[in-house]
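Here the structure is laid out as structure tokens; the discussion comes afterwards.
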Amino acid sequence: MTYRAFRRSAALAFAVVSVGSLILAGCASNTGSSNGATALTWFINPDVGNADASKGGQATLAKECSQASGGKYQINVQLLPNSASDQRTQLLRRLAAGDTGMDLMSVDPAFSTEFAAAGYFAPIPAGSESDFTQDRVQSSIDASTFKGKLVAVPFWANTQLLWYKKSVAQQAGLDMTKPVTWEQLIAAAQQTNKQIGVQAMLYEGYSVWINALITGAGGAIVKNPDATYSDIQMGLDSDAGRKAAAIISKIATSGVGGPAVGSSDETASLNLFQSPNGGFLVNWPYTYGAIADPKVKADVGAAIYPQTVAGTASRPPFGGIEIAVGSKSRHVDLSYQAASCITNEQHQAAYMAASGNPASRKAAYDDAAVLKAFPNGIAALIRTSLDAAAPRPLTPYWGDISTALQQRFSPPTSVTERTPAEAQKFIVDVLNGKALL
């Protein structure tokens, strides 16, 4: 079976599974509200940095923009699963089935190209692109673009920082005002008998780490992301891929990644960092606000993402969320009006300060509430990191490439110098219908 036929079969399967739930979803999202306003449904991802939606999460933005619309629309939120992979699956099922209630969606940028290539997004209204790109960091614009056209609205633009305990770095003799390498971190952790928090569970976060290591070495998992599956050129079997594998292997097998590195996600790695054994951590900016112990927080510093190769600037992971409108939505114009309100400067700054998730708007980083939430130069560091950030390959096939990548690099203790070549062959076979995930 070719990859194209496989994708068609998968879409049909998703549609069949979804029929029952979509009937209810369509009814809920396309009826009018009690006050006569048009009801819009916004499928939101969990606000990782702040689980209490009453304190500035996406549900709060929905309420405020509904009120600001003057009765034109009422935004109702539907919560997506926790993991990005599960979010992709649920959205894909609904979109493939032609759900008319997909008015607004919070979409991980890793999957927006896949959805756009399938025609699942309603086009940005003519003349609105400048509104949705104005004052945005370039990395968020690039991640929201497909074939030269903006296909989604930049909402928040995430990146990872290197978090460290000042006492541990000092004990190890590391100058954190200068870039440090992964090798230096490993040596520092071994010297101080501390551990490094990473994300290496079988999920999308592991692909984020692998991609950052490879791009930081000047490589690319996919060399030509615009290519079709039959012409795609992989860059895993390379010096950059082997350097990434060597770092993963050393962290996993030396013990500095913690006792359960193969089941570590963002939350687990943050918990490890906050423990007495923690010394270093790569994680998203919500980390700072999530540290509850004031003694630990007072000892925490932040720096730019570690270098894969000494002297070569790191390429921090790019993440975040974009807002897209479903192509079958019955309220495309109103949905884009709502997206404009959700992502205006005021809401971007308020959301970043409350949730800990960075804004895509540059002006937000000078907001007083943001500077209070990210003191000691951390706000500026996030902004700098976003300038250097590298997205995961913006290919329509990333969902399957990522799953195959995770499988071949798991568990992390099994990774060797042969893993990149083995993973590359498996991915190519999957794309060409010669292997199944």
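FYI, in the working numbering the residues of the sequence shown are 1255 to 1691. Yeah, the Cβ is synthetic: ideal placement off N, Cα and C, and Gly gets one too. Keep in mind it's a predicted model, so treat the numbers as computed, not measured.
In three-state DSSP terms, what is Thr-1482? Residue numbering aside, residue 1482 sits at position 228 when the sequence shown is read from its first letter. Thr-1482: coil per DSSP, three-state reduction.
For Ser-1394 and Gly-1427, the rounded distance between their alpha carbons: One-based indexing of the sequence shown puts residue 1427 at position 173. One-based indexing of the sequence shown puts residue 1394 at position 140. Roughly 36 Å between the two C-alpha positions.
May I ask which residues mark the beginning and end of the alpha helix (DSSP H) holding Thr-1673? Translated into positions along the sequence shown, residue 1673 becomes position 419. Segment 1673-1685, the alpha helix (DSSP H) holding Thr-1673.
Using the DSSP secondary-structure output, state which residues sit across from Thr-1399 in a beta bridge. If you number the sequence shown from 1, residue 1399 lands on position 145. Bridge partners of Thr-1399: Leu-1404.
Expected contact under 8 Å - CB spacing of Arg-1359 and Phe-1400 to nearest Å: Here residue 1359 refers to the residue found at position 105 when the sequence shown is read from its first residue. Here residue 1400 refers to the residue found at position 146 when the sequence shown is read from its first residue. Looking at the sequence shown, residue 1359 is not Arg but Met. In fact, because the Cβ distance is near 15 Å, the residues do not count as touching under 8 Å.
Threshold first: 3 residues or longer. Then list the beta strand (DSSP E) segments lying entirely within the stretch 1430-1473, N to C. 1449-1451
Separation of Gln-1344 from Met-1430, as counted between CA atoms: The count along the sequence shown starts at 1 and reaches residue 1430 at position 176. The count along the sequence shown starts at 1 and reaches residue 1344 at position 90. The alpha-carbon atoms of Met-1430 and Gln-1344 are separated by roughly 41 Å.
Give, in chain order, every unbroken run of the beta strand (DSSP E) that is at least 3 residues long and sits entirely within the stretch 1336-1384. 1358-1361
Could you give the C-beta distance for Lys-1326 and Ala-1291, rounded to a whole number, given that I count them as a contact under 8 Å? Position 72 of the sequence shown, counting from 1, holds the residue named residue 1326. Position 37 of the sequence shown, counting from 1, holds the residue named residue 1291. Confirmed, Cβ separation roughly 6 Å.
C-alpha gap between Ala-1592 and Gly-1565, whole angstroms: The count along the sequence shown starts at 1 and reaches residue 1592 at position 338. The count along the sequence shown starts at 1 and reaches residue 1565 at position 311. Whole-angstrom Cα-Cα distance: 45 Å.
Please list the terminal residues of the continuous alpha helix (DSSP H) segment that includes Gln-1328. The residue you call residue 1328 lines up with position 74 of the sequence shown. That residue, Gln-1328, is in no alpha helix (DSSP H); its beta strand (DSSP E) goes 1327-1333.
If you measure between the beta carbons of Tyr-1559 and Ala-1494, is that distance less than 9 Å? Here residue 1559 refers to the residue found at position 305 when the sequence shown is read from its first residue. Here residue 1494 refers to the residue found at position 240 when the sequence shown is read from its first residue. Not a contact, by the Cβ cut-off of 9 Å.
Residues near Thr-1670 by beta carbon distance below 8 Å, same chain, minus five either side: Here residue 1670 refers to the residue found at position 416 of the sequence shown. Hits under 8 Å: Ala-1499, Ser-1503.
Proximity test, Cβ basis, 9 Å: Lys-1326 and chain D: Chain labels in this structure do not include chain D; a single protein chain is all it has.
Which same chain residues, not among the five before or five after Thr-1251, have their C-beta less than 8 Å away from its C-beta? Past the edges of the chain, shown from 1255 to 1691, lies residue 1251, and the structure says nothing about it.
What does the Cβ neighbour count give for Gly-1402, buried or exposed, with the cut at 16 atoms within 10 Å? Locating residue 1402 in the sequence shown gives position 148, counting from the first residue. Exposed: under 16 other Cβ atoms inside 10 Å.
What three-state label does DSSP hand Gly-1698 in the structure shown? Because residue 1698 is not part of the residues shown, which for the chain are 1255 to 1691, the question remains open.
Per DSSP, cross-strand counterpart(s) of Ile-1577: Sequence index remark: in the sequence shown, residue 1577 carries index 323 (1-based). DSSP, once it has assigned bridges, lists Ser-1360, Val-1407 as partnering Ile-1577.
Lys-1419 - partner residues in DSSP beta bridges: As a working mapping, residue 1419 is identified with position 165 in the sequence shown. Note: Lys-1419 sits in a beta bridge opposite Val-1554.
For Phe-1663: DSSP bridge partner residues: Numbered from 1 along the sequence shown, position 409 holds the residue referred to as residue 1663. Answer is none; Phe-1663 lacks a bridge partner.
From this set, Gly-1580, Ile-1475, Asp-1654, Glu-1520, which residue's C-alpha is nearest Pro-1674's C-alpha? Mapped onto the sequence shown, residue 1674 falls at position 420. Answer by Cα proximity: Ile-1475.
Check the DSSP bridge columns for Phe-1534 and list the partner residues they point to. By one-based count along the sequence shown, residue 1534 stands at place 280. Answer is Tyr-1418, Ile-1450.
Cβ separation of Trp-1538 and Gly-1512, assumed to be a contact under 8 Å, to the nearest whole Å: Here residue 1538 corresponds to residue number 284 of the sequence shown, with the count starting at 1. Here residue 1512 corresponds to residue number 258 of the sequence shown, with the count starting at 1. So it is not a contact: roughly 18 Å between Cβ atoms.
Keeping to the same chain, check which residues put their C-beta closer than 7 Å to that of Gly-1653; ignore five residues upstream and five downstream. For the purposes of this step, residue 1653 is identified with residue 399 of the sequence shown, where counting begins at 1. Cβ within range, chain order: Arg-1342, Phe-1365, Glu-1368.
Hey, how far is the Cα of Val-1510 from the Cα of Ala-1522? What you label residue 1510 is simply residue 256 of the sequence shown in a count that begins at 1. What you label residue 1522 is simply residue 268 of the sequence shown in a count that begins at 1. When rounded, the distance between both Cα atoms is 14 Å.
Spatial neighbours of Arg-1662 within its chain, please: CB distance less than 7 Å, with the 5 preceding and 5 following residues excluded, ordered by chain position. Here residue 1662 is taken as the residue at index 408 of the sequence shown, counted from 1. The answer, listed in chain order, is Thr-1673, Glu-1676, Ala-1677, Phe-1680.
Inter-residue Cα distance where the pair is Glu-1576 and Asp-1362: Your numbering for residue 1576 matches position 322 in the sequence shown. Your numbering for residue 1362 matches position 108 in the sequence shown. When rounded, the distance between both Cα atoms is 6 Å.
In the DSSP assignment, the beta strand (DSSP E) including Thr-1562 goes from what residue to what residue? Counted from its first residue, the sequence shown places residue 1562 at position 308. Element bounds for Thr-1562: n/a, residue is neither H nor E.
My output table needs one value for Thr-1476: the three-state DSSP class, helix, strand or coil. Position 222 of the sequence shown, counted from the first residue, corresponds to residue 1476. Note that residue 1476 is Val in the sequence shown, not Thr. Looking at Val-1476 - three-state DSSP - the assignment turns out to be strand.
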